[in-house]
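One structure is given below, encoded as structure tokens.
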Amino acid sequence: MPIDLGYLVALPLLASLLSLIPSLRVYTAFIFSLLSFLLSLYSFIYTLMGDIPLYQWIGGWVAPLGIGFRLDGLSGFFLLMTGIIGFFVALYSFSFFKVEYQRQGKVFWFFFFFLWAGLNAFFLSEDLFNLYVVLEVLSLSALVLVALPGHRKAIKASLNYLFLSILASMFYLLGVAMLYANYGVLSMSLLSEKLAGTHAFTYALFPIIVALAIKSALLPFHFWLPPAHSSTVAPASALLSSLVVKPPAYLMLRLWLEVLPKDKSLEYLSIVLSLMGALAILVGSYYAIRQKTIKMLLAYSTVAQMGYLFLMAPLYYHGESFREALLQAFALQVFSHALAKASMFLSSGNAIYVARRDDLSYMPGFAHSHPLTFFALFFSGATLIGLPLSAGFVAKFLFLGLSIRLGFIFQGSIMLFGSLLASLYVYPIWRESFSSHPTKFYDNPIPQLMELSAFFLGFLSFSSGIVTFLLLQGIVRG
Amino acid sequence: MVFEVLSIMLMFIGAFFLLAGSVGLLRLGDSYSRLHALTKADVLGFGFIVLSCMLSTSLFSNWLKLFLIWLLVISYSALVGYALANRKKNA
Amino acid sequence: MLDFALGIMLLSSALVSLHSKDLMKSGVFFLIFGFLSGLIWVRLEAFDVALVEIILGSAITGFLIFKLVKGSKRRALRVSAFTKAWAGLVSLLFFLFMLFYLPTIERQDRVGRLVYENLHKSGVESAVNAVLLNFRGYDTLLEVGVITLAIFGLLALELKREAYHWDNPLLQSFSKLLLPFIVFFSLYITYLGTFSVGGAFQGGALLAGGLVFFALAKQSLPLKKSLILLFMATGLGFFSLVGLFYALLGYGFLTYPLKLSTLTLIFIELSIWISTAFLLYTAYKGKL
Amino acid sequence: MIGFYYFLSLILVVVSLYYFIVARSYVKRLISVNILGSGVFLFFVATAKNTTMENPDPVPHALVLTGIVVAVSATAIAVALILYLNKEER
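Quick note, the sequences are listed as chains A, B, C and D, same order.
According to our numbering, the first sequence is numbered sequentially starting from 1.
According to our numbering, the second sequence is numbered sequentially starting from 1.
According to our numbering, the third sequence is numbered sequentially starting from 1.
According to our numbering, the fourth sequence is numbered sequentially starting from 1.
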């Protein structure tokens, strides 16, 4: 029985308003994060069984007039990802804000639920202008989360992030205005019919692709991401790195596979994007290896991992016949990176809580004093590299198979080299936390909830490699 | 018919005073006297334009709205004139 | 001919505002740019947009920017000659690229014809407000969310800086005299929105202007902090509650049955009116 | 007449893009972003007028209204952040 998709957006919004009331804060935070998680789970299960794609026109006004929600395999899968990460980050934040940053803890929940509502709204909506407003919701709430700690570095990072994201939003709006001027339609499903056989959309494509590249920190525009993601509190940077950079890449894939017809300029664009993706992997990994502090290392690794999604751009263009396999590989790569990065940022939060320092050389010997956090680091690191059994491995394996079958050897080789580089920057974390004679032995315990949530996220990212056939069933059905 | 002619004539007089005000703003050297030109001539010009609009409408509600607008313009331009002069003195 | 004159004035004010070294001058010319673009919207028969642009786009944005002009250093960012060169190149290329694009736009009626056909079903006579509240009501819900999010974000930063004010007896008495009329007039503008030009955001912005004018004379509103917080949150809260209410009733999210739609829309407009006003008022004060 | 406004919006966008990159202080960068927004909104409203109907197409008007409110809220946060930075410096 299909639920009303409006709940997925309206409930977190209400939760954010309720969390302003001091007495209700902890209860609303727990109840509504659980509720939103169950709603996302239900909508994912619905994509496994119900008839999809499910369209719901808000206000009863059909396509060109009104705005529509669209739930299909891909968006259901990403809703599940948002639900899982949101729920575990909420658990982590309960005890984190009791122990540290009490002042920020009061306002954190408002922006946390707003971010969650924005992500749900993004994965559901199929109207281009509506996506502009949701992108603005995402970047403003992410921005305040970056500026939360209040020290100078965080404010400067969030200011640069703000200017770049406003510029990107205005470019995206210009692209939408150009499409509306030519085709008179804003909804994606109608646009795909109108675009067949015309050429005017290639002009509008340029501002949109530049905007999405800026928002997902593709190479030439990646300067705002490392300071932004590393200068804020652990749960906020976990949310930012795993969830906020993903929607622009998701929108680009949806535009590419479902809306835009085949066109010469699209092919050149896919080659340019693939080169920028490859450069992002190489440069991101190079900087990640040279970093001294764990948060900067993880932020640069986000830049590198996002490069994979753009590296495969030619496959999206040529792989018309392998549409299901491409969707599965893309979804799994995003899913595995999101969970792994979230659990790594949360466990880095644990490390900083214990060691009171951010730089790598002072990482406490986790293997001895806090085995749970070490296992979280191990599992999520394995997923980032793509060791077998993990979801990362399955995603890379699918991508590799596709790139060989479609004859894109360059993309396949860059991906393999990228995995090698990934192991180069994940290994120092393991070496430090596994060192037999740690520089300083820390035995003050980390709150139980913080360790458990980091561990579960890492474990899920690793073990979901085993159940991928179940996870990807929704995408196969449509 | 006479109302139209009258309103157009009033419109021209208003426009003339606005022109005088802006010329005064450009030509006069000292900022206080420029302030004089700005507040006095423009408000007078505006009054004439409002008068000409009043003549051209037959509805009483429009007539009342225009009168209220004229009252507002007079009061706030006096206030702005006073504010600018005051800030200029203390700055 | 008039368009040409307006266009040139708009462009020159933009250029002066962008190019001038003195920040106060660029702030003033930004205000002029805002008012001129408001005039251009009137020229293009976009009256609702003109109202919002003049109040929100230029007056309140200008006021926010003026808060910055005194404090900030002029040389915060280093800009090398190389940056200037590639910036010029990029914008020139973008200009040529768009120049090729412009001729491809033809004259066609887009969604507008559909809006006018379904206007009678939307419960509101004015076309823009029908689109804003009923046809694309979800956009407006998220947009109220954006402004609520921004201002609460501003409060979360806990800026201790005192807002600019000028306690002058004349200003105090005049603003006290004017405030009731402004409140009444902004309510009239909001209610007018269901028939012709006007609406929730215009009225809210107007009331915000009145409140800022009142607070400019160093007078604080006689309301408690929690009440102001409540007013700020009513827009988003009421709108999403109404959306959920209709979803629970089975009509669907944000779907208003025909006979109830006018009433619901008026209540939604009032909630947006009160929350926009107090949100922008807090944006001026910088703290509660 | 419409073509002139399309061209005007194009110039506004390009000029403010140049000054965004070359801006020396955060205030100038903020002003250039706002002017870029006005340019894009002018493009939208010119499209609204570019129809065969006698009164213009209301959808772009609603979109521009939403855009202006979003731009104002982003400017409000930018102002708060810049004030914070200026306060820190002294």
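Glycine included, each C-beta is placed from N, C-alpha and C at the ideal position.
Proximity test, Cβ basis, 8 Å: residue i and chain A
| i | result |
| --- | --- |
| Ala150/C | yes |
| Ile82/D | yes |
| Ala144/D | In the structure as shown, chain D starts at 1 and stops at 90, and residue 144/D therefore has no counterpart that could be examined. |
| Ile77/D | yes |
Contact under 8 Å by Cβ, residue i with residue j
| i | j | result |
| --- | --- | --- |
| Leu167/A | Leu260/A | no |
| Leu12/D | Ala14/C | yes |
| Phe94/A | Leu339/A | no |
| Ile182/C | Leu154/C | no |
| His61/D | Val128/C | yes |
| Ile281/A | Tyr308/A | yes |
| Leu79/A | Asn120/A | yes |
| Ser12/C | Phe30/C | no |
| Phe310/A | Leu273/A | yes |
| Ala391/A | Ser285/A | no |
| Tyr87/A | Phe44/A | One point to set straight first is that residue 87/A is Phe, not Tyr, in the sequence displayed. No. Outside cutoff. |
| Pro56/D | Glu45/C | yes |
| Tyr101/A | Ala288/A | no |
| Gly277/A | Ala313/A | yes |
| Val64/D | Val49/C | yes |
Residue-level contact to chain D via CB, residue i, 8 Å cutoff
| i | result |
| --- | --- |
| Met98/C | yes |
| Val133/A | yes |
| Lys176/C | no |
| Lys156/A | yes |
Cα-Cα separation between residue i and residue j, rounded to whole angstroms
| i | j | result |
| --- | --- | --- |
| Ala10/A | Ser40/A | 13 Å |
| Gln328/A | Asp72/A | 13 Å |
| Tyr92/A | Gln104/A | 15 Å |
| Thr293/A | Phe393/A | 27 Å |
| Ser77/B | Arg34/B | 14 Å |
| Tyr246/C | Leu253/A | 34 Å |
| Gln108/C | Lys28/D | 38 Å |
| Leu35/A | Phe112/A | 14 Å |
| Leu31/D | Ser7/B | It is worth fixing the name first, because residue 31/D is Ile in this sequence and not Leu. Approximately 42 Å, taken between the alpha carbons. |
| Ser380/A | Ser230/A | 18 Å |
| Pro247/A | Trp166/C | 46 Å |
| Phe82/C | Ile214/A | 21 Å |
| Val26/A | Ala90/A | 11 Å |
| Leu138/A | Phe114/A | 8 Å |
| Gly401/A | Leu54/A | 31 Å |
| Leu36/C | Asn62/B | 26 Å |
| Pro222/C | Leu265/C | 30 Å |
| Ile466/A | Phe335/A | 14 Å |
Beta-carbon separation (whole angstroms), residue i vs residue j, contact threshold 8 Å
| i | j | result |
| --- | --- | --- |
| Thr61/C | Asn34/D | 6 Å |
| Leu490/A | Leu124/A | Since the displayed chain A opens at 1 and closes at 478, residue 490/A lies outside it and no answer follows. |
| Ile151/C | Leu279/C | 4 Å |
| Leu266/A | Leu219/A | Leu266/A to Leu219/A, Cβ: 20 Å. No contact. |
| Gly112/C | Pro58/D | 6 Å |
| Thr232/A | Val146/A | 5 Å |
| Gly50/A | Ile58/A | At roughly 19 Å, the Cβ-Cβ gap does not stay under 8 Å, so Gly50/A and Ile58/A are not in contact. |
| Ala156/C | Val244/A | At roughly 17 Å, the Cβ-Cβ gap does not stay under 8 Å, so Ala156/C and Val244/A are not in contact. |
Residue-chain proximity (residue i, chain C), Cβ-Cβ < 8 Å
| i | result |
| --- | --- |
| Met178/A | yes |
| Ser75/B | yes |
| Asp263/A | no |
| Glu136/A | yes |
| Leu36/D | no |
| Val33/D | no |
| Val59/D | yes |
| Val144/A | yes |
Proximity test, Cβ basis, 8 Å: residue i and chain B
| i | result |
| --- | --- |
| Asn168/C | yes |
| Leu171/C | yes |
- Task: Would you be able to state if there are at least three C-beta pairs under 8 Å between the segment 64 to 74 of chain D and the segment 50 to 65 of chain C?
- Result: Yes: the two stretches touch, three or more of their Cβ pairs being nearer than 8 Å.
- Item | Inter-stretch contact (C-beta, 8 Å, three-pair minimum) for the segment 184 to 202 of chain C and the segment 259 to 278 of chain C | yes
- Item | Stretch-stretch touch, CB-based, cutoff 8 Å, three pairs: the segment 121 to 135 of chain C with the segment 168 to 182 of chain C | no
- Query: Counting Cβ pairs, one atom from each stretch, are 3 or more of them under 8 Å apart for the segment 294 to 305 of chain A and the segment 416 to 434 of chain A?
  - Reply: yes
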